[in-house]
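Since the structure comes first, as structure tokens, the remarks are kept for the end.
In full-length UniProt numbering, the protein residues as written are 1 to 96.
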């Protein structure tokens, strides 16, 4: 999950997070940084908006990664999704 330093969009619709799947995270993130990634990150670069990776889900196959991406995108509110993930991670760390 990529988080923008500030929202992208207009008064009616704004987005601050990007979800995608890939086989090589380092290579794919470089593509985003260089402006050859998704339209979302290209638009962010065009507007001078910085971004970073805030969470990574690991899967055992490309098919599983794509299915997870589709499932996560159904949440629509990625900020809320990120809070859930971080809370779950914090709670699992506390119980160990």
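The beta-carbon is built from N, C-alpha and C at its ideal position, and this holds for glycine as well.
Residue i and residue j closer than 9 Å at C-beta
| i | j | result |
| --- | --- | --- |
| residue 82 | residue 17 | yes |
| residue 28 | residue 37 | yes |
| residue 58 | residue 23 | no |
Beta-carbon separation (whole angstroms), residue i vs residue j, contact threshold 8 Å
| i | j | result |
| --- | --- | --- |
| residue 20 | residue 69 | 7 Å |
| residue 43 | residue 8 | 6 Å |
heavy atom of the ligand FAD below 8 Å from residue i C-beta
| i | result |
| --- | --- |
| residue 87 | With respect to the ligand FAD, the structure shown offers nothing to examine, as it has no ligands at all. |
Cβ of residue i within 9 Å of any chain B Cβ
| i | result |
| --- | --- |
| residue 53 | Chain labels in this structure do not include chain B; a single protein chain is all it has. |
Exercise. Is the segment 50-59 touching the segment 1-13 in the sense that three or more CB pairs, one from each, lie closer than 8 Å?
Worked result: yes
Exercise. Along the chain, which unbroken stretches of the alpha helix (DSSP H) at least 4 residues long are found entirely within the UniProt domain "GIY-YIG" (1-84)?
Worked result: 25-33, 39-46 and 62-73
For this session: Pair every Cβ in the segment 69-80 with every Cβ in the segment 41-49, then say whether three or more of these pairs are closer than 8 Å.
Result: no
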